[in-house]
Each structure stands twice: as structure tokens, then as C-alpha cells.
Amino acid sequence: MNLIEIKNLKKFFEISKGSFVHAVDGISIDIRQNEILGLVGESGSGKSTLGKVIAGLHGRSSGEVKYQGELLPEVYKASDFLRLSKEIQMIFQDPYSSLNPRMTVEEIIGEGLKIQGVPSAEVRKKVKEWLEKVGLQSEHMSRFPHEFSGGQRQRIGIARAMIVEPSFIVCDEPISALDVSVQAQVVNLLKELKDSFGLTLLFIAHDLSMVRYISDRIAVMYLGKIVECGDADEVFFNPQHPYSKLLIDSNPIADPQKEKLREFKSIEGEIPSPVNIPEGCRFAGRCPSASEECGKVTPQLKSIADGHEVACHLFK
Ligand SMILES: Nc1ncnc2c1ncn2[C@@H]1O[C@H](COP(=O)(O)OP(=O)(O)OP(=O)(O)O)[C@@H](O)[C@H]1O
Ligand SMILES: [Mg+2]
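Start counting the sequence shown at 3; every next residue gets the next number (the numbering used here).
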């Protein structure tokens, strides 16, 4: 069953009169109930914008986002935020800047419930419970964010999102700012919460091996479009789109010995400007397999095997 259904979603930012950044440019994808969908792609491909549109932090330019079959408003009003923030939450990359430094941990974690009008004593009780569920102590309630390490701050961010008991969380690079040793702990916490609470997650990250580890499915994004999507192992071990292949090849291997021996292939060239989108396949200018057709016709996502979709003219 699908929790979220996205159809031909577009989000453009007007940067000067008549000039638009095509951050999300026609995405259709479903997110299944109780799955973790990993979202990967180079910087600037539109991952955060997609996450923010789904979470209602950005209005959309066109297209549809359905949550449990309900078409969500294009731009949220205050009443939409109040209602939908119980269902959809977001966890951010930087646990340093995403927590208000002047608020105590109790105020930060309890804010969502307070806005919903939950009585203070109940909020306090829940904050205590959630501190413990995310691996912190209830004595931490009266402290301020600067008194915590990066990993602990991210746990506070997770408790803040979880306390309203959402069904869906957009995790935008929740581990990228953390030490490697702490990353696995936070990822495991998210996995545990997913299993215990039947959560559904969109997990945005750069580290592909971590994405493979946590995700049920992976979607690869390039310049505002999804170019490949499928089961996590299938996309990771058997990528079909030339961009996914290069992206996975350029992912550093955790073992430093093996990493040294490896022939390092980075993706040549730079991601084109999202203001002047090239015609045809957006990746054609950097693609080792591009043909004339690729520079003219935009490839659509096609199913190439069970649950595995690719947008590339190599697949007819
Ligand atoms: N508020 C905004 N106004 C104008 N342009 C924006 C805005 N937010 C994002 N963009 C542009 O939209 C494009 C996609 O940005 P986005 O942050 O979604 O990419 P990303 O895939 O999350 O990148 P990263 O991996 O660096 O986080 C970029 O070109 C970015 O500069
Ligand atoms: Mg981002």
C-alpha cells in the first residue's frame, strides 16, 4: 500500500524575473507504507527541495502529492500545518543549526505537542519518555542544545519529530554532519523506530553504502528528475542508468585498504545549471553512452525488471 503518491511534481524557484531554478522537474514516485525510501544524487539535484515539498515546507509549482489518498494543498495554510504536522515530520542535516539555542531540550522536544494544545504536565511526561526512547536521559530536559554532542543533538531532533507520533518522516541527510562512529548509531535508531512504530521514511543521504544499509528501495535523482528507482540491493549492486553506475562507482569504500587499491572514477564534468536545463536527457552531456537521440528526447522512467525502473534511452 502506498502512503504517499507523487505525480508529475514540479517545484521552481524564481530567481529573477522570468528566470527559474527547476529544482524538482516532473517527479512521479510512490512511497510505500512502512518502507524506507533512500534518495541519492549529487549536490544540487533537488533532493532537499523534494523532501521539503512533501513535508509542506515549500509550496509546489504544479503536480500532485497525495498522503493516504488525500491530495495535499499546494501551499499550506496555518490550519494545514497544524493538522499535517501530526502526520508528516522532518529531520534535518545540521543538528547544530536546526535546534534553537535559546530553548531547553524540554521546550524543543515538547513544542509540537504544545502547539497542538496538549496540557503541560502531559507534554513533560512525553518529553521524558522520548528522551529515553532515543537514548538520552530525562535529566537532560533542562539543558540547552550547546551542551550536547552532534550525535546527541540529532537524537534530540529525532525525539522532536517522533513525539507527535507521525506516520512519515523526511530525513534530510540526518547523519552527514556526524562523526563516522556516531552515524551508524543514529541510522540504527531510525531503523528501530521505523520497525517499532510502523513509520515510513524518506532518507536523503550522500553515503551510498549507508543508504543501501537502511533503505528498502533507492531512488536516484539527477537535476530535478528521478533517473532510476528499485529495491535497494538491486540499485546498489546492479545499477542500470549510466549516472547511477558512476555515482555508485565513485562512492568511497569504507575499508581504507580496498579504497587505496581501487581505480577511482569520479563523474566527469559538472551537473548543469538547473536554470538552463539541457534538452533531451539531462545527463547526456556527461554520459559515456550518450547517442544523438539522448540530446534531443527526454527519456521517461520505464520498468526494466520487477520493481526496477530506469529513465534512459539504452532501454527500449
Ligand atoms: N529557496 C531557494 N531559492 C532558489 N533556489 C533554490 C532554493 N532552494 C534550493 N534551490 C536550488 O535548487 C536546486 C536544488 O537544491 P536542493 O537543495 O534541493 O539540492 P540537494 O540535492 O538537496 O543538494 P545537496 O546535496 O547539496 O543538499 C539547487 O540548484 C539550489 O540552488
Ligand atoms: Mg540537500
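A virtual CB, placed ideally from N, CA and C, is assigned to each residue, including glycine. Here the structure is a predicted model, which means the values were calculated and not measured.
Shown here for residue 311: same chain residues with a beta carbon closer than 6 Å to its own, the five before and five after excluded, namely 231, 303 and 305 in chain order.
Closest by C-alpha distance to residue 13, out of 3, 47 and 38, is 47.
Taking 8 Å as the cut-off, the beta carbon of residue 101 is found closer than this to the beta carbon of residue 110.
Counting the other CB atoms within 10 Å of its CB gives residue 150 a total of 16 or more, which places it among the buried residues. Following the DSSP letters along the chain, one finds residue 78 in no alpha helix (DSSP H), marked with neither H nor E.
At a cut-off of 7 Å, the beta-carbon of residue 49 counts as near ligand 1: some heavy atom of the ligand is closer than that. Within the model, the alpha-carbon separation for residue 136 versus residue 186 is close to 14 Å. The residues 133, in chain order, have a CB closer than 7 Å to that of residue 139 in the same chain once the five nearest residues on each side in sequence are set aside. Its Cα nearest to that of residue 175, the residue 159 stands out among 229, 167 and 159. Assignment of beta strand (DSSP E) within the stretch 273-307, counting only whole runs of 3 or more residues, yields 304-307 in chain order. DSSP, read as helix, strand or coil, puts residue 37 in coil. In the structure shown, the three-state DSSP call for residue 199 is helix.
Counting only residues of its own chain and dropping the five nearest sequence neighbours on each side, residue 297 has a CB closer than 7 Å to the CB of 281, 282 and 286. Look at residue 60 here: in three-state DSSP terms it is coil, with no helix or strand label. Scanning the stretch 120-178 from its first residue to its last, the whole beta strand (DSSP E) runs of 3-plus residues come out as 170-174.
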